[in-house]
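In my numbering, the protein residues as written are 39 to 346.
For reference, the structure discussed in these notes is given below.
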Amino acid sequence: MKAEANPVVADAVIRLEDIQRNFGPVHALKGVSFSLFPGRALALVGESGCGKTTCARIIARLDRPTGGRLFFRGQDLTARGEAKDEHQYRREVQMVFQDPFSSLNPAFTVSHHLARPLQLHRQSGSRADLAEEIARLLTSVGLEPDLTRQKFPHELSGGQRQRVNIARALAVAPSVLVADEPTSMLDVSIRKDILDLLATVKRENDLAMLYITHDIATAAHVAEEIVVMFAGQMVEWGDTDTVLSDPRHPYTRLLLSAVPDGSRPFVTGGSARFLEQAEKVRSLSRPESTVIEQVGSNHFIRALGVSS
39 MKAEANPVVA
49 DAVIRLEDIQ
59 RNFGPVHALK
69 GVSFSLFPGR
79 ALALVGESGC
89 GKTTCARIIA
99 RLDRPTGGRL
109 FFRGQDLTAR
119 GEAKDEHQYR
129 REVQMVFQDP
139 FSSLNPAFTV
149 SHHLARPLQL
159 HRQSGSRADL
169 AEEIARLLTS
179 VGLEPDLTRQ
189 KFPHELSGGQ
199 RQRVNIARAL
209 AVAPSVLVAD
219 EPTSMLDVSI
229 RKDILDLLAT
239 VKRENDLAML
249 YITHDIATAA
259 HVAEEIVVMF
269 AGQMVEWGDT
279 DTVLSDPRHP
289 YTRLLLSAVP
299 DGSRPFVTGG
309 SARFLEQAEK
319 VRSLSRPEST
329 VIEQVGSNHF
339 IRALGVSS
């Protein structure tokens, strides 16, 4: 069985097929396959170093795969090398980066940050038209235009900066939004607000979204489908609700066991037990398995320690 998430690809905006990426002797991605669809989000979940951000960079054309193919609206971009319409592709595929503090230039105002993509990628019209569009973008992400547009990044909170980053991505009317750990550097108190905003802009703009996170508990807030990654491989994937409620792979269960749960009693030595279980999962997952098991109508796992 082909190791691909959401295999129905006719309407896919983005499709990764058997993507591999090596950095010298390190195999960062090992045969990753999934698709992104309009109005739907896919959560890519796993620990640091599992290959999540490498996937994002390949989709954004900030990196190139060692093997496999990347499709955009059915066209194989890897076969063409550097796309002739790279400018158009970069307009269609936008990223929201993890760090809201370094992704805005401290020397420029919010208005400047939003005006630049409008001027580069869209017909911005008159100065009044540009100001009106900037106000619309700020309003769409929950910011008051008159109070925000002339501020510099250091005058904004972390949550406000991330809202500006989302508005900047939306400025060029993309079809794909890649959100790389968009809440991990924010205060816990405002993370849910940003997740709700991402879900809203996905729905209102009919965006295909890739949501990258190490926090599996947040996937249900944003994504209809989920792919759990471990050591560069997809180990479990399918409908988000199904995978989270009925996890079958030990690594998925391990991630869920780390989610804080006030209903569970505190157990001393929990971190040591977690590390012990993590190492057990690592040992079970060697050698890399190429055998895929279907455990539900849209629920798959990679078999442990089995090679075809």
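C-beta atoms are modelled at their ideal positions from N, C-alpha and C, and glycine is treated no differently.
- Note that the C-beta distance between residue 262 and residue 244 is not below 8 Å.
- Here DSSP, grouped into helix, strand and coil, assigns residue 225 to coil.
- At least 8 Å separates the beta-carbon of residue 269 from that of residue 93.
- Residue 147 is bridged by DSSP to nothing; it lacks a bridge partner.
- Within the stretch 101-141, the alpha helix (DSSP H) runs of at least 4 residues that lie entirely inside it are, in chain order, 115-118 and 124-130.
- Counting only runs that start and end inside the stretch 180-232, the alpha helix (DSSP H) elements of at least 4 residues fall at 183-186 and 196-208.
- Counting along the chain, residue 51 sits inside no beta strand (DSSP E), nor does DSSP assign it H or E at all.
- For residue 256, no alpha helix (DSSP H) run applies, since DSSP gives it neither H nor E.
- Annotation for residue 183: 172, 173, 176 and 177 place their beta carbon closer than 8 Å to its own, counting only its chain and skipping 5 residues before and after.
- In the DSSP annotation of this structure, residue 265 is not part of any alpha helix (DSSP H); the continuous beta strand (DSSP E) holding it starts and ends at 263-268.
- C-alpha of residue 60 to C-alpha of residue 104: approximately 6 Å in a straight line.
- A residue is called buried when at least 16 other Cβ atoms come within 10 angstroms of its Cβ; residue 271 meets this threshold and is buried.
- About 18 Å separates the CB atoms of residue 82 and residue 239; that is not less than 8 Å, and the two are not in contact.
- Secondary structure at residue 171: helix, using DSSP grouped into helix, strand and coil.
- In the structure shown, residue 78 falls within a coil segment according to DSSP collapsed to helix, strand and coil.
- Bounds of any alpha helix (DSSP H) do not take in residue 277; it lies within the beta strand (DSSP E) bounded by 271-277.
- DSSP places residue 91 inside the alpha helix (DSSP H), whose first and last residues are 90-97.
- Excluding its 5 nearest sequence neighbours in each direction, residue 198 has C-beta neighbours in its own chain below 8 Å: 181 and 186, listed in chain order.
- Under DSSP, residue 251 forms a beta bridge with 83.
- Residue 131 sits away from residue 204, with the two beta carbons spaced by 8 Å or more.
- The beta carbons of residue 79 and residue 216 sit no closer together than 8 Å.
- For residue 291, there is no enclosing beta strand (DSSP E); the enclosing alpha helix (DSSP H) covers residues 288-295.
- For residue 334, the enclosing beta strand (DSSP E) starts and ends at 330-334.
- Residue 142 and residue 329 have their C-alpha atoms roughly 44 Å apart.
- In summary, residue 164 is exposed, with fewer than 16 beta-carbon neighbours lying within 10 Å of its beta-carbon over all protein chains present.
- Under DSSP, residue 337 takes part in a beta bridge, and its partners are 276 and 334.
- Its Cα nearest to that of residue 56, the residue 72 stands out among 254, 72 and 50.
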